[in-house]
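Enquirer:
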Amino acid sequence: MSDLGEIESSEVLKQSQMNETDNQSQSVTDEDVLKFMDSLDAYLCLLHSLSSTLRQGWFDFASARYSMGASRVNSALLDLKEHPAATYLEVRKAQEPHFTLCKWSSFGTGDSSEMQDGDVLLPESDSSIHQRHKDTSKASVKDNNSPVGVPATTADDRVRKERSKSLAVFGTLVSPKLRAAQLSFEGALETLVEIANARASMVSAFDKVREHKAGSKD
């Protein structure tokens with residue numbers, strides 16, 4: 001009788017351990033599914049935000065062209081000479097690719113490390129994805145990544161000067177609508193980088209869900 005009791009206890013213990021393992025596996029799967037759904041939601045919201053931002057930018061640009069005249073706002077005025085990139089994209093490869101946009105970084109000096117104002121990135125923690133009802137109608141990026149030793153106000157002034165310099169090809173006095181269009185297109189570029197990060201997170205979460213599904217079949 002004692003041997004039979006020990007066998008029954010062992011079977012109960014094994015069954016309990018199997019149930020606990022299944023519960024843990026199901027919990028991990030549910031977490032990955034939730035992350036995928038949140039990533040997909042953020043991705044779709046960012047696409048809508050990009051469409052709205054671009055639409056507003058083109059409206060402002062058309063208004064500026066109308067008020068200033070087609071002779072002052074056209075592609076023939078653009079400077080097509082080679083010059084240091086004022087904005088560039090950094091890619092960090094980890095478990096999933098992460099893209100960072102560095103705006104107005106060169107300031108015509110050829111040194112891209114001199115200024116990196118407005119790094120665009122999504123927080124790496126999963127909590128950032130769970131803000132499902134976040135308002136994405138406007139692309140918002142914190143422009144507080146000024147260089148070490150440079151006050152934030154000084155960095156902001158330099159960014160404003162660079163923005164004005166980029167519009168100097170259209171004349172000294174430009175329409176406020178042209179400046180608004182510049183900001184809209186700049187915001188659209190930021191949103192594109194956020195979309196790339198959201199898509200990377202979405203693909204990573206989907207791959208994990210697919211792995212769990214394949215493992216459960218085995």
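So for the sequence shown, full-length UniProt numbering puts the first residue at 1; every next one is plus one. Cβ coordinates follow ideal geometry from the N, Cα and C atoms, glycine included.
(1) Measure how close the beta-carbons of residue 193 and residue 99 come, nearest whole angstrom, since I'm counting them as under 8 Å.
(2) Name the DSSP beta bridge partners of residue 210, please?
(3) Cα-Cα, which of 214, 189, 204 and 205 is closest to residue 46?
(4) Do residue 170 and residue 77 count as a contact pair if the criterion is CB distance below 8 Å?
(5) Suppose the cutoff is 6 Å on Cβ atoms and the five residues either side in sequence are ignored; what does the same chain contact list for residue 36 look like?
(6) By the DSSP assignment, the beta strand (DSSP E) with residue 89 in it spans what residues?
(7) Quick one, are the C-beta atoms of residue 64 and residue 168 less than 8 Å apart?
(8) If distances are taken between C-alpha atoms only, which option among 159, 202, 191 and 93 comes closest to residue 38?
(9) Using C-beta distances below 7 Å, list every residue in its chain close to residue 191, excluding the 5 sequence neighbours before and after it, in chain order.
(10) Measure the alpha-carbon distance for residue 214 versus residue 81 and round it to whole angstroms.
(11) Between residue 161 and residue 212, what straight-line distance do the alpha-carbon atoms span, to the nearest angstrom?
(12) Compute the Euclidean distance between the alpha carbons of residue 187 and residue 177, then round it to the nearest angstrom.
(13) Secondary structure at residue 98, three-state DSSP: helix, strand or coil?
(14) Mark residue 164 as exposed unless 16 or more other C-beta atoms lie within 10 angstroms of its C-beta, in which case mark it buried.
(15) Below 7 Å CB to CB, which residues in the same chain sit around residue 133 once its five sequence neighbours on both sides are set aside?
(16) In whole angstroms, give me the CA-to-CA distance for residue 96 and residue 69.
(17) Measuring CB to CB, does residue 67 end up less than 8 Å from residue 166?
(18) Report yes if the CB atom of residue 200 is closer than 8 Å to the CB atom of residue 42, and no otherwise.
(19) Would you mind stating whether residue 104 and residue 86 have Cβ atoms separated by less than 8 Å?
(20) What residues in its chain sit with their C-beta under 6 Å from that of residue 40, if we drop five residues either side in the sequence?
(21) Measuring straight from C-alpha to C-alpha, what distance separates residue 108 and residue 158?
(22) Quick one: is residue 30 buried, meaning 16 or more other Cβ sit within 10 Å of its Cβ, or exposed?
(23) Put residue 81 into one of helix, strand or coil per three-state DSSP.
Expert: This is what the structure holds:
(1) Counting from 1 along the sequence shown, the entry for residue 193 is found at position 193. Counting from 1 along the sequence shown, the entry for residue 99 is found at position 99. Indeed they touch by this definition, with Cβ atoms about 5 Å apart.
(2) The residue given as residue 210 occupies position 210 in the sequence shown. Residue pairing from DSSP leaves residue 210 without any beta-bridge partner.
(3) Counted from its first residue, the sequence shown places residue 46 at position 46. Considering only alpha carbons, the answer is 189.
(4) As a position in the sequence shown, residue 77 is number 77, starting the count at 1. As a position in the sequence shown, residue 170 is number 170, starting the count at 1. A contact, by the Cβ cut-off of 8 Å.
(5) As a first step, residue 36 must be located in the sequence shown, where it is residue number 36. Excluding residues within five positions, the ones whose Cβ falls inside 6 Å are 205, 206 and 209.
(6) Taking the first residue of the sequence shown as position 1, residue 89 is located at position 89. First-last of the beta strand (DSSP E) with residue 89: 88-93.
(7) Taking the sequence shown and counting its residues from 1, the one referred to as residue 64 is at position 64. Taking the sequence shown and counting its residues from 1, the one referred to as residue 168 is at position 168. Not closer than 8 Å, so no.
(8) As a working mapping, residue 38 is identified with position 38 in the sequence shown. When only C-alpha atoms are compared, the closest one is 202.
(9) Here residue 191 corresponds to residue number 191 of the sequence shown, with the count starting at 1. Only 46, 49, 50, 53 and 139 meet the Cβ criterion.
(10) If you number the sequence shown from 1, residue 214 lands on position 214. If you number the sequence shown from 1, residue 81 lands on position 81. For residue 214 and residue 81, the distance between alpha carbons rounds to 54 Å.
(11) For the purposes of this step, residue 161 is taken as residue 161 along the sequence shown, with counting starting at 1. For the purposes of this step, residue 212 is taken as residue 212 along the sequence shown, with counting starting at 1. Rounded to the nearest angstrom, the gap between the Cα atoms of residue 161 and residue 212 is 52 Å.
(12) For the purposes of this step, residue 187 is taken as residue 187 along the sequence shown, with counting starting at 1. For the purposes of this step, residue 177 is taken as residue 177 along the sequence shown, with counting starting at 1. Pairing residue 187 with residue 177, the inter-Cα distance amounts to about 15 Å.
(13) For this step, residue 98 is matched to residue 98 along the sequence shown. Three-state result, residue 98: strand.
(14) Reading the sequence shown from its first residue, position 164 is the one you call residue 164. Exposed: under 16 other Cβ atoms inside 10 Å.
(15) Numbered from 1 along the sequence shown, position 133 holds the residue referred to as residue 133. Residue confidence for residue 133 is low, a pLDDT of 41 falling below 50, so the modelled location carries little weight and cannot support an answer.
(16) To locate residue 96, count along the sequence shown from 1; it is residue 96. To locate residue 69, count along the sequence shown from 1; it is residue 69. Rounded to whole angstroms, residue 96 and residue 69 show a C-alpha spacing of 47 Å.
(17) Here residue 67 refers to the residue found at position 67 of the sequence shown. Here residue 166 refers to the residue found at position 166 of the sequence shown. The Cβ atoms of residue 67 and residue 166 lie no closer than 8 Å to each other.
(18) Position 200 of the sequence shown holds residue 200. Position 42 of the sequence shown holds residue 42. In this structure, residue 42 does not lie closer than 8 Å to residue 200 by Cβ.
(19) If you number the sequence shown from 1, residue 104 lands on position 104. If you number the sequence shown from 1, residue 86 lands on position 86. Contact: yes.
(20) Taking the first residue of the sequence shown as position 1, residue 40 is located at position 40. Only 202 meet the Cβ criterion.
(21) In the sequence shown, counting from the first residue as 1, residue 108 sits at position 108. In the sequence shown, counting from the first residue as 1, residue 158 sits at position 158. Reliability fails at residue 108, whose pLDDT of 46 lies under 50, so the model's placement of it is uncertain and no value is given.
(22) As a working note, residue 30 is residue 30 in the sequence shown. Classification for residue 30: exposed.
(23) Here residue 81 corresponds to residue number 81 of the sequence shown, with the count starting at 1. Here residue 81 sits in coil by DSSP.
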